[in-house]
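Okay, so here's the structure we're looking at.
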Amino acid sequence: MNVFWYMCAPDGAYPWQPEGSRQVDYGYYKQLAQAYDHLGYTGALFATGAHDVWVLASALLAHTERLRFLVAIHPGLVAPTLLAKMAATFQEFARGRLLINVVSGDAKMLGAYGMMLPHDERYDMADEYLQLWHRLFAGESVTHQGKYFSTDGAKLALPVGESIAPPPLWFGGSSDKALEVAAKHVDTYLSWGETPAQIGEKVEAVKARAAHYGRELEYGIRLYVIVRDTDEKAWEAAADLYGRMDDAAITANQRFVARSDSVGQQRMTALHGGLKPENLRDLEVAPNLWAGIGLVRPGPGTAIVGSPDTVLRTLEAYQKAGVDTFILSGMPLLEEAYRFGEKVLPRLDVSREVSKARNYTWSTLFDRDLSTVKSV
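With my numbering applied, the sequence shown covers 23 to 398.
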C-alpha cells in the first residue's frame with residue numbers, strides 16, 4: 023500500500039482555536055518533511071492552503087531523499103502549457119518524485135481567484151485541460167482551439183516521455199461529472215473519509231466508468247488517525263478533542279461548508295449533520311470511524327480511532343473495499359506522524375515506489391473527442 027501524511031497549515035493540538043494553534047513556517051515545514059522521509063511514509067500531500075504549494079514543495083525538495091510530493095493543482099488557474107512546464111521541471115529536479123493532485127475545488131474558494139464557473143462546468147473545463155496535459159506530456163506540438171483554452175504550437179522543451187516521466191495524476195470528486203473526469207484521465211481516484219462500505223460503492227462506480235475507456239485506476243482515501251496504545255486511550259484522546267469543540271468553532275465551520283457546492287463536502291457533512299451530540303460515540307459512523315472532526319474542520323473530517331491493532335483492522339477493511347492508498351493526518355501533524363509512524367507504519371507493507379503514470383495514446387483515451395480538436 024501507499025501511505026502519505028498531510029502537509030498543510032493550519033496545525034496544532036486543536037487548531038480551530040487560537041490557543042490550540044501552532045505557528046507554521048518554513049522551519050516547521052522542514053521538520054515535517056524530514057520526519058515523513060525518515061519515518062518511511064510513501065509521500066506527503068501538499069494541499070492548498072495559506073502557502074503556495076509549488077513554492078513550498080520546491081523549497082522542501084532538497085531536504086528529503088525518498089519522499090514523494092503529491093502537489094495540488096486547480097485546473098484553469100494556470101494555463102495548461104505553463105503548468106505542464108512547471109511539473110516537468112519539478113519532475114526533472116525531483117528525479118521522478120512528483121505526483122499531481124487535480125482539485126476542482128468549490129465555487130467559493132475558486133471565486134477568490136477569479137474563476138466563476140458553476141460546478142458542472144468546472145469539470146467540463148477540467149476535462150479539456152487534462153486532454154491538453156496528456157498531449158503535452160506525450161511530447162506533441164499542440165495547436166488547439168477549444169471552449170476554455172487555446173494554444174498555438176505548444177510544446178514542452180524538456181525531454182518528457184524520455185528521461186522525464188509524466189507525473190501520475192490523482193483526483194478526487196464525488197459528483198457524476200467528477201467520476202467521469204477521473205475515469206478518463208487520472209491514475210488514482212481519491213475520496214474523502216467515507217466508510218468502507220461507502221468507498222466500496224464508489225470504487226465499483228469508478229471502475230465501471232474507467233472500463234468504458236479501457237482503463238484501470240488505483241484508489242485512495244483521506245482520513246485522520248487517532249492512535250494510542252489501547253482503544254480506551256484513543257477514545258480518551260478523541261474526547262479531549264471533542265471537548266475543545268465549542269459552539270462558536272462549530273457554527274463558524276458549518277457556516278463555511280454550507281456555502282460549498284462540493285458534493286464531497288456535502289457527503290462529509292451528512293456523516294455528522296453539523297450538530298454536536300452529548301456523547302461523542304454517537305458520531306461513530308462505522309466501527310472505529312469517528313466523524314467528529316468534521317464539525318470544526320472543512321473537507322475530510324473522519325478519523326480512525328483505536329489501538330494499533332484496531333487501526334490495522336480498519337485499514338484492512340478499506341483495502342478489502344478496493345483502497346490501496348491512504349492519505350492520513352493527526353493533530354498536531356509532527357507528533358502524530360511519529361506516533362503512527364512508530365506504532366503502525368512498521369507493520370504495514372508500505373511502498374516507496376508509487377505507481378508510474380500509464381502511457382495511453384491520444385486516440386485510445388479521447389477518440390470520442392477528436393472531432394472537436396485541431397492539432398498540428
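Built from N, CA and C at the ideal position, the CB exists for glycine as well.
Fair warning: this is a prediction, and the values are worked out from it, not measured in the lab.
Cβ-Cβ distance between residue i and residue j below 8 Å
i	j	result
ALA256	SER329	yes
PHE68	LEU92	yes
GLY345	GLY215	Looking at the sequence provided, one finds Val at residue 345 rather than Gly. In this structure, GLY215 does not lie closer than 8 Å to VAL345 by Cβ.
GLY183	GLY161	yes
PRO97	MET147	yes
THR64	VAL372	yes
LEU191	VAL208	yes
LEU355	VAL247	no
THR86	GLN56	yes
TYR36	ARG244	no
TYR58	LEU89	yes
ALA72	TYR48	no
LEU61	GLY363	yes
Cβ neighbour criterion (16 or more within 10 Å) applied to residue i
i	result
GLU240	buried
VAL279	buried
ASP33	buried
GLU254	exposed
GLU358	buried
ASP269	exposed
ALA94	buried
VAL77	exposed
PRO189	buried
ALA204	buried
GLY136	exposed
Those residues which DSSP pairs with residue i across a bridge
i	result
PHE348	VAL25, ILE243
PHE68	VAL93
VAL33	Strictly speaking, residue 33 in this sequence is Asp, with Val absent from that position. Partner(s): ARG44.
PHE193	VAL124, TYR211
SER172	GLN167
TRP312	GLU306, ALA325
ILE186	VAL182
ILE248	VAL327
8 Å contact criterion, which residue i and residue j should meet: CB distance rounded
i	j	result
THR210	THR347	6 Å
ILE221	TYR28	Incorrect: roughly 18 Å between the Cβ atoms, too far for contact.
PHE26	ALA66	6 Å
ILE186	ALA110	6 Å
ALA308	PRO218	7 Å
LEU121	PHE112	No, LEU121 and PHE112 are not in contact; Cβ-Cβ is about 10 Å, not under 8 Å.
Short CB-CB distance (under 8 Å) between residue i and chain D
i	result
TYR211	No chain D is present in this structure, which holds just one protein chain.
Worksheet item: Does the stretch 224-243 come close enough to the stretch 301-313 to have 3 or more Cβ pairs within less than 8 Å?
Response: Note that the stretch 224-243 does not touch the stretch 301-313; fewer than 3 beta-carbon pairs, one per stretch, sit closer than 8 Å.
Practice prompt. Count the CB pairs spanning the stretch 98-114 and the stretch 145-161 that are closer than 8 Å, and state whether there are at least three.
Written response: With the cut-off at 8 Å, the stretch 98-114 and the stretch 145-161 touch.
Discussion item. Within 8 Å, do at least three Cβ pairs link the stretch 186-195 to the stretch 118-138?
Written reply: Contact annotation: the stretch 118-138 touches the stretch 186-195, with at least three C-beta pairs closer than 8 Å.
Fill in: the stretch 218-225 / the stretch 170-179 touching (three or more Cβ pairs under 8 Å)
Segment contact: the stretch 218-225 against the stretch 170-179, fewer than three CB-CB distances shorter than 8 Å; contact not assigned.
Worksheet item: Touching or not, the stretch 306-322 and the stretch 266-279, by the rule of three or more beta carbon pairs under 8 Å?
Response: Short answer: they touch.
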